[in-house]
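Here the numbering used here is used: the sequence shown runs in plain steps of one and ends on residue 541. Every residue gets a Cβ at the ideal spot worked out from N, C-alpha and C, and that includes glycine.
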Amino acid sequence: MAEEFDVIVVGTGAGGGTLAHTIAPSGKRILLLERGTYLSKELDNWDPGEVFVDGKYISPDTWYDGDGTPFQPQIHYFVGGATKMYGAALYRLRPADFGELKHLDGISPDWPVTYDDFEPWYTKAEWLYQVHGSHGEDPTEGRWSRQYPWPAVSHAPRIQQISDSLAQGGYHPFHAPCGILLNEADRPASTCIRCAWCDGYPCMVHAKADAEVIAVRPILGLPNVTLLRNAEVTRLQTDPGGHTVTGVVVDRGGDGKEEIYRADIIVLAAGAANTAKILLRSASDAHPAGLANGSDQVGRNYMFHNSKAVAAFGEHDNDTVYQKTLAINDFYLPGIGREWPLGNIQMLGKSNAGAMKGEEPHLTKLIPGWSLDEAAHHAVDFWLTTEDLPKPDNRVTVDSDGNIHLDYSDSNESEAADLYGEFRKILNHVGLAKHHVLHKNFFMSMNIPIAGVAHQAGTARFGTDPATSVLDVNCKAHELDNLYVADTSFFPSIGAVNPALTAIANAIRVGEHIAGRLGVSTATGASAPAPRTEHPTHGEL
Ligand SMILES: Cc1cc2nc3c(=O)[nH]c(=O)nc-3n(C[C@H](O)[C@H](O)[C@H](O)COP(=O)(O)OP(=O)(O)OC[C@H]3O[C@@H](n4cnc5c(N)ncnc54)[C@H](O)[C@@H]3O)c2cc1C
1 MAEEFDVIVV
11 GTGAGGGTLA
21 HTIAPSGKRI
31 LLLERGTYLS
41 KELDNWDPGE
51 VFVDGKYISP
61 DTWYDGDGTP
71 FQPQIHYFVG
81 GATKMYGAAL
91 YRLRPADFGE
101 LKHLDGISPD
111 WPVTYDDFEP
121 WYTKAEWLYQ
131 VHGSHGEDPT
141 EGRWSRQYPW
151 PAVSHAPRIQ
161 QISDSLAQGG
171 YHPFHAPCGI
181 LLNEADRPAS
191 TCIRCAWCDG
201 YPCMVHAKAD
211 AEVIAVRPIL
221 GLPNVTLLRN
231 AEVTRLQTDP
241 GGHTVTGVVV
251 DRGGDGKEEI
261 YRADIIVLAA
271 GAANTAKILL
281 RSASDAHPAG
291 LANGSDQVGR
301 NYMFHNSKAV
311 AAFGEHDNDT
321 VYQKTLAIND
331 FYLPGIGREW
341 PLGNIQMLGK
351 SNAGAMKGEE
361 PHLTKLIPGW
371 SLDEAAHHAV
381 DFWLTTEDLP
391 KPDNRVTVDS
401 DGNIHLDYSD
411 SNESEAADLY
421 GEFRKILNHV
431 GLAKHHVLHK
441 NFFMSMNIPI
451 AGVAHQAGTA
461 RFGTDPATSV
471 LDVNCKAHEL
481 DNLYVADTSF
491 FPSIGAVNPA
501 LTAIANAIRV
511 GEHIAGRLGV
521 STATGASAPA
531 PRTEHPTHGE
541 L
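Structural data, given as structure tokens:
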């Protein structure tokens, strides 16, 4: 293709899709290169057997662990990236996450920006992704300059009971922030039927605030935006001095035939592992260890959270449909008698018999007298997250055939165990403890935890020191004039809340920076609030 572009964005997920959406209104010529295609809207989207048991939407990629053992990563290559499957729980990191935090296993390093620096983009991200929530309920949250665009999603009766019991017990439950497009009478454009299918499933009615629906589709009608699907970027070329990216090499269709695209600015947003892969595969005389890798930091410090998915089974029925409305952060920060943080507890998408069959075929034996359907009806599902630390040896490397190798050993195991201990006390408090708990694999894999790459981050961290970071504070590679990274690779630490809102906020921030560099405005872009009316206070739907 002879055509040249102002900006090439590699990847259309939370980072790449949002960044393109930010710059698109400026009129600059943008090329989006996406390795996947559209995820089909089909009944299988909501079929637990297809999604959870057969893994219909998981890429057939093979990666290798530190011992060279092959595994299939739970990764999804589609327009919209991992957000096609995400639970749309859109949390801000807490202010303490931007500073240095002492953990039992080491230090979670500080960021080169503070929470307050970052706050304006969190607000823009919440408004762009139409988040429902209620700022002011969770004592650990930071300053917010604007309330969520939509009121919090109300709890179903069983979850409200749990929330009330927690509050009576001195805990601080809060309404979880959810990126869904609800189908309420006064919101005719929205289509969410508030089913259980957000978490780990694609949304068949496109009512989840994912990157395809919110960021990519709305800009595809613009004359300055081009999307190429089935376009896998394999490497980047530079000028002989290695200062400027001059070509983006693309394999379209996997037949090894290459096409080269050019632009003034290149943005990598292929996800933390694949962005590292592209940089490492772009080694040249000027960058022998991989592009932008003079510091030997590319691929290192891989993080993905120390998480547990748990279903608790009580005597009471739980006929909740949309369950992800409750969270607590009472153990998020260091506490009395404890100098280290433990993490976040939130609700998960509701268990159903089909998914449980895949997760635990022996369940009926564990819970005598119940069928899988009954067990699912009694299940209350939780997700526990402890921060894992950025360790240099937790690392993505690439072999001579271009395969990803992922070396990983966990951290903060005893914090995760303590969080689970606190969780058991909570179950006791809400009347679920005497009964059974099932450890679910959900979108981690219990057998091969390393395959659960949903929250991957950290492989090209940003910082002020080129010796210890890959990117500068604007997420431009220290060593290149025109190369940016705008996915979760930039995280210096991952905190203990879900990462997507931080990736989205950062993509808007970096997009605005790039627009400024190109001398154009993004005034009608991501900074323009999307919802129709503002709800300054919490309200029930
Ligand atoms: C099942 C599941 C549930 C989740 N739930 C939540 C949640 O509730 N809340 C939350 O905050 N986070 C959640 N996450 C994580 C969240 O989706 C990710 O953190 C986020 O999408 C990461 O954004 P990204 O831009 O870094 O990568 P992605 O969104 O994955 O985007 C990367 C894109 O790059 C493309 N790509 C990859 N390689 C190439 C290449 N070589 N050339 C061209 N294109 C390429 C991919 O196809 C993809 O479109 C979940 C993830 C999963 C899988």
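*Specify the secondary structure class of Gln72 as computed by DSSP and reduced to three states.*
coil
*Starting from Pro120 and walking both ways along the alpha helix (DSSP H), at which residues does that stretch end?*
115 to 128
*DSSP three-state call for Trp46: helix, strand or coil?*
helix
_Per-residue DSSP class, three states only, for Ala467_ = coil
_Cutoff 8 Å; reference Arg517; Cβ partners in own chain excluding five residues on either side_ = Ile265
*Taking contact to mean at least 3 C-beta pairs separated by less than 8 Å, is the segment 399 to 415 in contact with the segment 28 to 39?*
no
*Comparing alpha-carbon positions, which option in Gly179, Glu4, Ala152 lies nearest Tyr86?*
Gly179
*Close-in-space but distant-in-sequence residues of the same chain around Gly15 (CB under 6 Å, 5 per side omitted)*: Ala269, Ala486, Asp487, Ala503, Ala507
*Could you work out which residue in Leu384, Ala457, Asp61 is closest to Pro70 when comparing CA atoms only?*
Asp61
*Can you find at least 3 beta carbon pairs, one from the segment 295 to 313 and one from the segment 455 to 466, that sit closer than 8 Å?*
yes
*Assuming Asp6 contacts Lys28 (C-beta within less than 8 Å), just tell me the rounded distance between them.*
4 Å
*Relative to the C-alpha of Asp54, which residue among Leu480, Val233, Tyr201 is closest?*
Tyr201
*In chain order, what residues of the same chain have a beta carbon less than 8 Å from the beta carbon of Ser165, not counting five sequence neighbours either side?*
His429, Val430, Gly431
*Is the beta carbon of Ala215 sitting closer than 9 Å to the one on Thr12?*
yes
*Please name the residue in Gly452, Asn474, Arg281, Thr325 whose C-alpha comes closest to that of Ser59.*
Gly452
*Could you check where the alpha helix (DSSP H) with Asn329 kicks off and where it finishes?*
Element bounds for Asn329: n/a, residue is neither H nor E.
_For Ala289 and His405, the rounded distance between their alpha carbons_ = 16 Å
*Any chance the CB of Thr386 is under 8 Å from a heavy atom of ligand 3?*
This structure lacks ligand 3; the ligands present are ligand 1.
_Any heavy atom of ligand 1 inside 8 Å of the beta-carbon of Ala211?_
yes
*Comparing the C-beta of Asp255 with each C-beta of chain C, is any distance below 9 Å?*
Looking for chain C here will not work: only one protein chain is present.
*Could you have a look at Leu501 and say whether DSSP puts it in helix, strand or coil?*
helix
*So what does DSSP say about Gln161, is it helix, strand or coil?*
helix
_Where the alpha helix (DSSP H) through Gly247 begins and ends_ = Premise fails: Gly247 lies in the beta strand (DSSP E), 245 to 252, not in any alpha helix (DSSP H).
_Going by DSSP in three states, Ser445 sits in which element: helix, strand or coil?_
For Ser445, the predicted structure reports a pLDDT of 49, less than 50, and the residue's modelled location is therefore unreliable. The matter cannot be settled from this model.
*Below 8 Å CB to CB, which residues in the same chain sit around Glu100 once its five sequence neighbours on both sides are set aside?*
Ile107, Ser108, Pro109, Asp110
*Sorted by chain position, which residues of the same chain lie with C-beta nearer than 8 Å to Asp186's C-beta, five sequence neighbours on each side aside?*
Caution is warranted here: a pLDDT of 49 is assigned to Asp186, below 50, making its placement in the model unreliable, and the coordinate value is therefore given only provisionally. Counting only Cβ-Cβ distances below 8 Å, and skipping sequence neighbours, we find nothing.
_With a threshold of 8 Å (Cβ to nearest heavy atom), would Ile278 be considered close to ligand 1?_
yes
*With a floor of 4 residues, list each alpha helix (DSSP H) that falls wholly inside the segment 331 to 417, ordered by position along the chain.*
353 to 359, 363 to 366, 372 to 378
_Quick check on this structure: which residue in Arg217, Asn394, Glu422 has the alpha carbon closest to the alpha carbon of Ala273?_
Asn394
*asked:* For ligand 1, I want to know if Gly495 counts as a neighbour, meaning its beta carbon is within less than 8 Å of at least one of the ligand's heavy atoms.
replied: no
*asked:* Quick check: the Cα distance between Ala2 and Val249, rounded to an integer number of angstroms?
replied: Residue placement at Ala2 is poorly supported in this model, since its pLDDT is 46, which falls under 50; the coordinates still yield a value, given next. One C-alpha to the other measures close to 14 Å.
*asked:* Alpha carbons only, please: which of Val380, Phe331, Met356, His155 is nearest the one belonging to Glu315?
replied: Val380
*Whole-angstrom Cβ separation of Leu43 and Ile8, contact assumed at under 8 Å?*
With a Cβ gap of about 36 Å, Leu43 and Ile8 do not count as contacting.
*With C-beta atoms as the reference, is Gly349 less than 9 Å away from Ala211?*
no
*Please find out if some non-hydrogen atom of ligand 1 comes closer than 8 Å to the beta-carbon of His132.*
no
_Nearest candidate by alpha-carbon position, reference Asp330, set Tyr171, Gln237, Asp401, Arg158_ = Tyr171
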